[in-house]
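Going letter by letter, the sequence shown gives residues 0 to 780 in numbering that gives the first Met the number 0. Glycine included, C-beta positions come from ideal geometry on N, C-alpha and C.
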Amino acid sequence: MGGIDEQVVARAELCDRLEGGLARRRLTKTQLANRVKLSRTTVHTAFQLTGPVPSAATVAALARALCLSADELLGLRRVAAGEAELAHGVEEGLGRPIAEWDPHDLEVHPAGTVTVLGGSSARVRQVLPGYVGREHDKVLTEAVRDTEQGRSRIVVLVGWSSTGKTRACWEAVQPLGENGWRLWHPNDPIRAEAAVADLERVQPRTVVWLNEAQHYLGDPQRGERITAALHSLLTDPNRAPVLVLGTLWPNYCDQYTKLPFPGAADPHSRTRELLAGRTYTVPEAFDSEALRKTDDLARAGDQLLFDALTRARAHGRVAQDLAGAPELLRRYEHATPAARALLEAAMDARRLGVGLHLPQAFLTEAATDYLTDDEWDRLTEDWIEAVEAAYTDLAIEVHGKHAPLRRTTPRAQRRPPVTTEPVGKSAPEVEPVFRLADFLEQYGRTDRYMLCPPASFWHAAHTHLTQLDVRGKLAVAAKIRHRLQWAHHLTSHTVDPDTAEAILQKAPPWQDAVDRQTADDIIRIAAEAGFYFDPTNMARLREWDGDWQGAETMYRKGADEGDLNAFAGLARLREEAGDREGAEAVYREAIDNGHVFAYLRLARLREEAGDREGAEALYRQGADEGDFHALSDLARLRERAGERMDAEALFRQAADAGDEAALVCLAVLRDRAGDREGAEALCRQVGRARLLIMLAWGREVSGDRKGAEALYREASDVGITASDYWDPGSRHMYTFESLVSEGNRTEAAIPAPWSGLVPGFFKERWPYGLGPDGTPTAPWP
Numbered sequence: 000m001g002g003i004d005e006q007v008v009a010r011a012e013l014c015d016r017l018e019g020g021l022a023r024r025r026l027t028k029t030q031l032a033n034r035v036k037l038s039r040t041t042v043h044t045a046f047q048l049t050g051p052v053p054s055a056a057t058v059a060a061l062a063r064a065l066c067l068s069a070d071e072l073l074g075l076r077r078v079a080a081g082e083a084e085l086a087h088g089v090e091e092g093l094g095r096p097i098a099e100w101d102p103h104d105l106e107v108h109p110a111g112t113v114t115v116l117g118g119s120s121a122r123v124r125q126v127l128p129g130y131v132g133r134e135h136d137k138v139l140t141e142a143v144r145d146t147e148q149g150r151s152r153i154v155v156l157v158g159w160s161s162t163g164k165t166r167a168c169w170e171a172v173q174p175l176g177e178n179g180w181r182l183w184h185p186n187d188p189i190r191a192e193a194a195v196a197d198l199e200r201v202q203p204r205t206v207v208w209l210n211e212a213q214h215y216l217g218d219p220q221r222g223e224r225i226t227a228a229l230h231s232l233l234t235d236p237n238r239a240p241v242l243v244l245g246t247l248w249p250n251y252c253d254q255y256t257k258l259p260f261p262g263a264a265d266p267h268s269r270t271r272e273l274l275a276g277r278t279y280t281v282p283e284a285f286d287s288e289a290l291r292k293t294d295d296l297a298r299a300g301d302q303l304l305f306d307a308l309t310r311a312r313a314h315g316r317v318a319q320d321l322a323g324a325p326e327l328l329r330r331y332e333h334a335t336p337a338a339r340a341l342l343e344a345a346m347d348a349r350r351l352g353v354g355l356h357l358p359q360a361f362l363t364e365a366a367t368d369y370l371t372d373d374e375w376d377r378l379t380e381d382w383i384e385a386v387e388a389a390y391t392d393l394a395i396e397v398h399g400k401h402a403p404l405r406r407t408t409p410r411a412q413r414r415p416p417v418t419t420e421p422v423g424k425s426a427p428e429v430e431p432v433f434r435l436a437d438f439l440e441q442y443g444r445t446d447r448y449m450l451c452p453p454a455s456f457w458h459a460a461h462t463h464l465t466q467l468d469v470r471g472k473l474a475v476a477a478k479i480r481h482r483l484q485w486a487h488h489l490t491s492h493t494v495d496p497d498t499a500e501a502i503l504q505k506a507p508p509w510q511d512a513v514d515r516q517t518a519d520d521i522i523r524i525a526a527e528a529g530f531y532f533d534p535t536n537m538a539r540l541r542e543w544d545g546d547w548q549g550a551e552t553m554y555r556k557g558a559d560e561g562d563l564n565a566f567a568g569l570a571r572l573r574e575e576a577g578d579r580e581g582a583e584a585v586y587r588e589a590i591d592n593g594h595v596f597a598y599l600r601l602a603r604l605r606e607e608a609g610d611r612e613g614a615e616a617l618y619r620q621g622a623d624e625g626d627f628h629a630l631s632d633l634a635r636l637r638e639r640a641g642e643r644m645d646a647e648a649l650f651r652q653a654a655d656a657g658d659e660a661a662l663v664c665l666a667v668l669r670d671r672a673g674d675r676e677g678a679e680a681l682c683r684q685v686g687r688a689r690l691l692i693m694l695a696w697g698r699e700v701s702g703d704r705k706g707a708e709a710l711y712r713e714a715s716d717v718g719i720t721a722s723d724y725w726d727p728g729s730r731h732m733y734t735f736e737s738l739v740s741e742g743n744r745t746e747a748a749i750p751a752p753w754s755g756l757v758p759g760f761f762k763e764r765w766p767y768g769l770g771p772d773g774t775p776t777a778p779w780p
């Protein structure tokens with residue numbers, strides 16, 4: 000076999016590999032096109048057996064997005080295209096085709112990882128988020144255009160660590176990869192030596208990659224020789240076009256470009272000439288326009304950017320956050336026992352309501368029970384020494400200037416003086432406080448969601464945390480986990496009973512209150528005491544009072560301020576009044592204001608009106624706009640129509656995109672199919688106590704009290720929060736109700752009303768509460 004037959008076989012194998020990767024990632028071709036930032040036509044063509052063979056850059060981009068081997072796919076592509084080993088007639092030269100490079104091999108910082116299954120083994124693959132162009136990208140784009148017109152160029156990006164310099168260079172050279180350019184990264188055996196040895200061998204249509212250019216330009220023996228060779232390369236018309244890209248930290252740039260003192264040595268004279276007019280600064284933070292673009296990509300389904308924005312939107316250091324995240328996670332996973340214990344105590348403190356600034360005394364005492372018995376036995380005599388070493392280690396920064404746990408100084412509160420203090424009075428001694436890295440805080444909220452802190456945490460909180468609002472939040476956290484004794488101690492003698500804060504802390508959160516009159520009173524008293532409630536909350540208060548016109552006025556005010564909940568409330572009022580057209584108008588206004596949730600509400604109105612085709616189109620539109628919940632609702636529509644296989648596939652796709660409701664629906668489907676263990680595993684993935692209780696109740700009514708008890712304990716560790724009560728508008732309950740069928744055991748197992756049911760579970764079984772280890776507490780006064 001040879002020639003045309005070999006090309007056909009290679010093309011078929013390439014398409015099969017791409018289709019397999021698409022299926023495993025559970026993506027549509029449209030979603031894939033959005034991820035790789037290529038047109039839908041380009042992506043669809045790559046999957047076809049006929050037509051033009053996709054470019055090397057397209058195949059490389061698809062391979063990265065689908066977690067496939069780029070080298071293998073590019074090899075198949077070359078055979079399918081009938082190309083010789085040398086692309087576009089370029090002679091063998093330094094480096095290799097740009098499309099064959101992995102950006103991480105060029106020192107682009109990874110922002111996350113995915114696990115790729117291959118046969119019986121699994122491997123971890125580094126991934127990149129979507130790219131947001133900024134002002135410096137325009138300079139790079141102009142340089143690339145010049146090289147495409149035959150001129151040689153050099154650009155050196157200057158900025159501090161992890162500001163996006165290297166990623167910008169990588170994105171800039173992708174068009175050159177489409178045209179068969181090569182990329183050479185001189186780094187073997189050492190950077191400066193490789194550059195000196197081989198710069199004269201660089202051929203036309205080559206990118207010279209000088210990342211961390213101080214290793215080349217700042218070398219004391221070779222730096223000026225390298226600069227001279229670069230100057231010769233850039234000015235020789237017989238070697239054009241070439242593109243030299245470099246990155247530098249500002250301190251190195253200043254060192255190489257400043258003029259020496261008169262009469263002093265000038266070790267960087269040629270480097271200063273080379274860099275003149277060829278450097279461009281990369282800012283440390285994203286400006287408002289870059290943040291808007293980042294938000295667009297996040298809404299379109301880029302989870303890495305979505306997560307980064309939750310941590311970095313306020314200060315704009317998105318690139319640093321993305322670069323530091325993998326290393327922060329590695330530092331946590333490989334930390335010493337003492338350092339890991341401190342981090343986990345800090346994670347639990349933040350997720351349960353303690354402020355940003357965590358007192359050192361609290362962390363040190365709280366951390367003790369996070370150690371295993373063996374670890375504690377080893378550290379007992381040297382615990383203070385081990386903790387001090389852990390604080391020092393955790394203060395060391397990673398990429399992006401993030402430290403896992405760093406000492407910080409809270410800003411002083413500047414309030415008008417209420418008493419006259421003597422001039423020169425010394426300030427009170429301030430206790431050391433620490434701040435957990437934002438990424439680790441977010442990671443802890445997810446990874447430790449189902450864990451209840453150990454006894455040392457609650458004891459340290461009771462001993463060292465004195466702020467009334469913090470103690471109140473921790474008391475609520477203890478109560479919803481049925482740790483009643485600690486909840487009691489954290490609230491006893493801590494507040495003035497005459498203050499609004501006392502009422503809010505002593506009473507259950509108003510959203511949780513079964514007695515709406517009680518909730519009404521709490522809100523009114525708090526509002527009278529000066530607490531601010533936004534227009535949407537005030538609208539809800541008006542609704543409870545039966546003041547529908549006042550509620551609509553407040554919802555309209557909230558909508559004018561851009562509050563998506565206000566749009567939802569306003570549309571609901573219109574629906575309840577029978578004004579379907581008015582509700583649809585509100586939802587379309589919400590869409591115009593960027594709230595993609597309204598596609599789903601519009602689709603449901605169409606569905607209720609019997610317009611299934613219109614509903615499906617709106618669900619699809621919502622999914623294309625980045626609302627992965629729309630996939631679940633589309634699946635629910637298919638399930639009702641009896642299209643069970645399509646429904647399950649859509650639920651799985653939505654679950655992979657992060658929709659918890661889809662996991663709930665899959666759990667119901669698994670339970671229907673008799674896969675009890677699979678249903679429970681999916682409920683644990685959601686991490687909602689009410690779903691665990693749902694399964695526990697089912698076990699109890701079927702006679703499995705031991706199994707029910709285990710699930711009840713697991714639910715208590717998660718904590719029964721406001722979102723775990725029956726809520727007719729809850730997505731979990733909505734999708735669950737829509738899926739259960741008559742006679743299903745799980746449906747029969749759910750008593751009502753749900754809101755009064757949950758506290759009864761724990762109160763009946765453990766009237767005195769649970770200890771932090773989950774064992775029932777002995778009677779206490």
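Of the listed residues the options, nearest to residue i (C-alpha basis)
{"i": "N186", "options": "G20, L258, D197", "result": "D197"}
{"i": "W485", "options": "V469, D468, Q466, W457", "result": "W457"}
{"i": "N592", "options": "D559, L572, A582, S231", "result": "D559"}
{"i": "T27", "options": "E343, G300, D381", "result": "G300"}
{"i": "L572", "options": "E583, E551, I395, G768", "result": "E551"}
{"i": "A9", "options": "V35, D294, A79, H43", "result": "A79"}
{"i": "L665", "options": "A340, A474, F650, E18", "result": "F650"}
{"i": "T462", "options": "V475, R541, E387, F361", "result": "F361"}
{"i": "A345", "options": "L273, E380, Y442, P249", "result": "Y442"}
{"i": "T29", "options": "R16, A538, L61", "result": "L61"}
{"i": "K292", "options": "R133, L258, R150, A436", "result": "R133"}
Under 8 Å between C-beta atoms of residue i and residue j
{"i": "A597", "j": "Y618", "result": "no"}
{"i": "L182", "j": "V206", "result": "yes"}
{"i": "T270", "j": "G222", "result": "yes"}
{"i": "L489", "j": "A477", "result": "yes"}
{"i": "L93", "j": "R190", "result": "no"}
{"i": "A45", "j": "R39", "result": "no"}
{"i": "V243", "j": "I97", "result": "no"}
{"i": "A629", "j": "G621", "result": "yes"}
{"i": "P358", "j": "V432", "result": "yes"}
{"i": "D136", "j": "A167", "result": "yes"}
{"i": "A402", "j": "I395", "result": "yes"}
{"i": "L439", "j": "L327", "result": "yes"}
{"i": "A212", "j": "L247", "result": "yes"}
{"i": "A338", "j": "L296", "result": "no"}
{"i": "L72", "j": "R16", "result": "yes"}
Residue range of the unbroken beta strand (DSSP E) whose run includes residue i
{"i": "F361", "result": "Taken as a continuous stretch (DSSP letters only), F361 belongs to no beta strand (DSSP E), being part of the alpha helix (DSSP H) at 359-365."}
{"i": "G245", "result": "241-247"}
Counterpart residues of residue i in DSSP-defined beta bridges
{"i": "V201", "result": "Looking at the DSSP assignment, V201 forms no beta bridge with any residue, so it has no partner."}
{"i": "T407", "result": "V432"}
{"i": "W208", "result": "L244"}
{"i": "R152", "result": "L242"}
{"i": "W183", "result": "V207"}
{"i": "R480", "result": "According to DSSP, R480 bridges with nothing at all."}
{"i": "P775", "result": "L769"}
Residue span of the alpha helix (DSSP H) that contains residue i, given as start and end
{"i": "F456", "result": "454-463"}
{"i": "T280", "result": "Run containing T280: none in the alpha helix (DSSP H); it sits in the beta strand (DSSP E), 278-280."}
{"i": "Q30", "result": "28-35"}
{"i": "Y331", "result": "317-332"}
{"i": "K137", "result": "134-147"}
Inset, instruction - Spell out a yes or no on whether the segment 134-148 and the segment 163-176 are touching, meaning 3 or more CB-CB pairs, one atom from each, closer than 8 Å. - result: Touching, per the Cβ criterion.
Inset, instruction - Count the CB pairs spanning the segment 299-315 and the segment 282-290 that are closer than 8 Å, and state whether there are at least three. - result: Contact holds: three or more Cβ-Cβ distances are below 8 Å.
Legend entry - At least three beta-carbon pairs within less than 8 Å, the segment 319-336 to the segment 47-55: No, the segment 319-336 is not in contact with the segment 47-55.
Inset, instruction - Spell out a yes or no on whether the segment 323-335 and the segment 350-357 are touching, meaning 3 or more CB-CB pairs, one atom from each, closer than 8 Å. - result: The segment 323-335 is not in contact with the segment 350-357.
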